[in-house]
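Numbering (our numbering), first residue to last: 53 to 501.
Set out below in structure tokens:
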């Protein structure tokens, strides 16, 4: 019996040496004896190896708060996607300027980001979102409407918050996003910093009416984003309209031929940049479309769109503010990355999304899920403070003192709706002149023109 007892004790000790103490941690931050450990059931264990389509940005310290992102960093053909890269840069800028040595991070801990390349494929979005959930990131940032909807099917059942930097489809407002363990008054888990397409469609319609356009044709990508905008535009535009779908990166002749047959006064293009250029280059070969007014929506706004055939075209997209946060963001981005971020849609929204998540993380005392969502509900009331790293101390102080703060972002005031998780933001009407984007006007929700 004694021999058996000794053997059991030796086995127990061996297990402790192999696995660590059976009560060695309460949080991931306490697992410091390795670069990629997490606390599970009070044990420090290894996380799944990082997927090769992902890379680490920001802090790599063992105690870092880590977020995840799934963005279209490359196109379907494998080449770099300037839109996705610019949005990733915006996330990184917010993190770098909040982290040590510049500042103290969130609650004294630095922030890291696992950024993954969706390659513009919905099935890849699902795979990478599952991977980031398994890595137990605090929240995931997404990009387009289709990718956001795909990611939500993974994040919501996992009780993880999802924040989109550019999704505008109206249907996202009605997604079932209640956490499995949420209480009756808890906020949902899907949030976004881009305005829904219902308002963009209204601005688009007003522009065409004011331009004296009695008939317009729309060609649109046949996904949640394009379908939603087509429906919203149909509700708002009082003239004669016809819509023609096409598959992203697929054949476009049928859509352009259909639009041409209607002999419209304007051609509205709802497409991502590469497809938008292909559509325009095909359209100018049709006598009934050549020389007609071209109008683009937010997804097309990218330096890729600046080709000779689009000169004089108009477009709509989420507007950046002219306030302190917008000026700070544009200047700091130019210094850090050597480019103007405002030539790409939703870069300001991406910067705001990351800043909001870090501020909400402070409010949640470092917790994700519903607690992080509750933190986001605290950012739309109280003293107005610019949402920039130089104001982070002030933002945190307001939260600590008053439990709320009214953030003024680079994309404008972020008055989050606690039910839908979306911010009402202004829409910019722009024009391509001299091979550059120039602002025509900014339309603010609920305030007319």
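Glycine is no exception: its CB is placed at the ideal position from the N, C-alpha and C atoms.
Residue i bridges to which residues according to DSSP?
i: residue 98; result: 89
i: residue 348; result: 321, 367
i: residue 254; result: Answer by DSSP bridge pairing: none, since residue 254 is not bridged.
i: residue 465; result: 460
i: residue 168; result: 106, 122
i: residue 293; result: 268
i: residue 163; result: 117
i: residue 216; result: 194, 244
Determine the burial state of residue i: buried for a count of at least 16 other Cβ atoms within 10 Å of its Cβ, exposed for fewer.
i: residue 141; result: buried
i: residue 265; result: buried
i: residue 262; result: exposed
i: residue 454; result: exposed
i: residue 536; result: Nothing in the structure corresponds to residue 536, since the chain is present only between 53 and 501.
i: residue 290; result: exposed
i: residue 217; result: buried
i: residue 279; result: buried
i: residue 246; result: buried
i: residue 493; result: exposed
i: residue 150; result: buried
i: residue 132; result: exposed
If I'm right that residue i touches residue j with Cβ under 8 Å, what's the distance once you round it to whole angstroms?
i: residue 457; j: residue 451; result: 5 Å
i: residue 255; j: residue 495; result: 5 Å
i: residue 231; j: residue 421; result: 6 Å
i: residue 213; j: residue 424; result: 5 Å
i: residue 240; j: residue 249; result: About 19 Å; that fails the 8 Å criterion.
i: residue 143; j: residue 406; result: 5 Å
In angstroms with no decimal places, state the Cα-to-Cα distance between residue i and residue j.
i: residue 481; j: residue 350; result: 10 Å
i: residue 411; j: residue 147; result: 11 Å
i: residue 75; j: residue 156; result: 29 Å
i: residue 68; j: residue 166; result: Because residue 68 sits at a pLDDT of 43, beneath the cut-off of 50, its placement in the model cannot be relied upon, and the following sentence gives the value as read from the coordinates. Taking the straight line joining both Cα atoms gives about 31 Å.
i: residue 178; j: residue 115; result: 27 Å
i: residue 276; j: residue 221; result: 6 Å
i: residue 382; j: residue 440; result: 11 Å
i: residue 272; j: residue 124; result: 19 Å
i: residue 485; j: residue 359; result: 11 Å
i: residue 284; j: residue 331; result: 21 Å
i: residue 376; j: residue 396; result: 20 Å
i: residue 435; j: residue 443; result: 12 Å
On a CA-only basis, which of the options is nearest residue i? Give me that one, please.
i: residue 174; options: 300, 260, 96; result: 300
i: residue 168; options: 405, 421, 136, 82; result: 136
i: residue 305; options: 328, 317, 292, 230; result: 328
i: residue 269; options: 428, 318, 206; result: 318
i: residue 432; options: 395, 145, 473; result: 473
i: residue 371; options: 353, 107, 183, 316; result: 353
i: residue 324; options: 337, 134, 460; result: 134
i: residue 550; options: 399, 314, 427; result: In the structure displayed, the chain extends from 53 to 501; residue 550 sits before or after that span and is not available.
i: residue 260; options: 236, 238, 293; result: 293
i: residue 288; options: 479, 478, 252; result: 252
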